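J.: Attaching a single structure in structure tokens format; questions to follow.
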Amino acid sequence: MVSHSKPAAMALVALLGLSACQQQAPDAGAGAMFYRATCATCHEPGSRPQAPDLTELAAMNGGRFPMARVTRIIDGRSDLRAHGSPMPVWGAILTGPEVRDLAAYLAAIQQ
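In structure tokens:
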């Protein structure tokens, strides 16, 4: 019969729980590929229609990149959609990690 101490068993359960909850770090490189394939069509300077310049998001927010707000806009949870935004709801197409990758790329290109 194998006997485990209660603290050791609790530590094992905690470790397993943490590893199951950990998310993979966002991949800004993957986000860059998606951006170039889809977002740049409207968000690059000179594009038609001209959407907001996404390199200025931090500057417009006191020097801090608004990660949570950007993520909500990308995945469609923002109130922006309720006002008839022409931006697609990418959350219907992208997975959660892909949305985080795109947001990580946008954070990386701030001026």
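Residue numbers (this note's numbering): 1 to 111. Even glycine gets a Cβ: it sits at the ideal position worked out from N, Cα and C. Owing to the predicted nature of the structure, the values given are computational and were not obtained by experimental measurement.
Taking DSSP as the reference, what is the three-state secondary structure of G76?
T.: If DSSP states are grouped into helix, strand and coil, G76 belongs with coil.
J.: Measuring straight from C-alpha to C-alpha, what distance separates A28 and D101?
T.: Roughly 5 Å separates the two Cα atoms.
J.: Closest to A25 by C-alpha separation, out of I109, A104, R69, E56, would be which residue?
T.: Of I109, A104, R69, E56, the residue nearest in Cα terms is A104.
J.: Go ahead and label T41 buried or exposed: buried means 16 or more other beta carbons lie within 10 angstroms of its beta carbon, across all protein chains shown.
T.: Counting Cβ neighbours within 10 Å, T41 comes out exposed, since fewer than 16 surround it.
J.: What would DSSP say about G63, mapped onto helix, strand or coil?
T.: G63: coil per DSSP, three-state reduction.
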